[in-house]
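For reference, the structure discussed in these notes is given below.
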Amino acid sequence: HALGLTQQEFGLWSAIAIHDTSSVVGAAARYGDEALALATTVNLSRALWIVPLAMGLAIRRGGGLGRVRIPWFILFFLVAAAMRTLWPAGGSAFDMTRDVAVRGLTLTLFLIGTGMSRDALRETGLRPLVQGVLLWLVISIAGLVTVQAVVG
Numbered sequence: 053h054a055l056g057l058t059q060q061e062f063g064l065w066s067a068i069a070i071h072d073t074s075s076v077v078g079a080a081a082r083y084g085d086e087a088l089a090l091a092t093t094v095n096l097s098r099a100l101w102i103v104p105l106a107m108g109l110a111i112r113r114g115g116g117l118g119r120v121r122i123p124w125f126i127l128f129f130l131v132a133a134a135m136r137t138l139w140p141a142g143g144s145a146f147d148m149t150r151d152v153a154v155r156g157l158t159l160t161l162f163l164i165g166t167g168m169s170r171d172a173l174r175e176t177g178l179r180p181l182v183q184g185v186l187l188w189l190v191i192s193i194a195g196l197v198t199v200q201a202v203v204g
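Here the sequence shown stands for residues 53 to 204, numbered as in the numbering used here.
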């Protein structure tokens, strides 16, 4: 809340600037319900474009499709979105499911975060960390400027 962003602005910004879906959900959930709903929808919609894009590139480059593995979470997202749209009376059940999912993703983020150790950092060196931080800054600032220009 330090930047004074609205729920809509933060939801869009987190969906654009954060790569990992569980991290998007974790960040947006801390900001608010509207930010969470928008961030999740935008992030997973963005993820949906990866499938046709990757398939098109594979075909264009002559590699064919070969054995394609389906990311099941996208299928589950589409089913959940359809159910929520077609069955509005199930709102309380959907809200309860959402609350459980948010808590589960928060726990997952904690467990991912605990995987970083000084030994791992020493082994990989400081350069990848510095590159990651710089890239994060560029993407965060560019995403924020874009969201404020479009929404604000």
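We put the beta carbon where it would ideally sit given N, CA and C, even for glycine. Every value quoted in this text rests on a predicted model; they were computed, and no experiment measured them.
For Asp-85 and Met-168, I'd like the C-alpha separation in whole angstroms. 29 Å
First through last residue of the alpha helix (DSSP H) which encompasses Ala-133: Counted as a single uninterrupted DSSP element, the alpha helix (DSSP H) harbouring Ala-133 occupies residues 124-138.
Can you tell me whether DSSP reads Asp-72 as helix, strand or coil? coil
If you compare alpha carbons, which of Phe-125, Ala-106, Arg-113, Leu-109 is closest to Asn-95? Closest by alpha carbon: Phe-125.
Tell me whether Thr-58 sits in a helix, a strand or coil according to DSSP, three-state version. coil
Does the distance from the C-beta atom of Gly-206 to that of Trp-65 stay below 8 Å? There is simply no residue 206 to check, as the chain begins at 53 and stops at 204 in what is shown.
Thr-166, DSSP secondary structure in three states: Here Thr-166 sits in coil by DSSP.
Please determine, among Asp-151, Val-190, Leu-173, the residue with the shortest C-alpha to C-alpha distance to Arg-82. Asp-151
Measuring CA to CA, which of Arg-136, Val-182, Asp-171, Val-190 is closest to Ala-89? Arg-136
Considering only C-alpha positions, which residue in the set Ala-132, Gly-156, Leu-157 is nearest to Ala-145? Ala-132
Alpha carbon to alpha carbon, how far is Ala-201 from Asp-171? 42 Å
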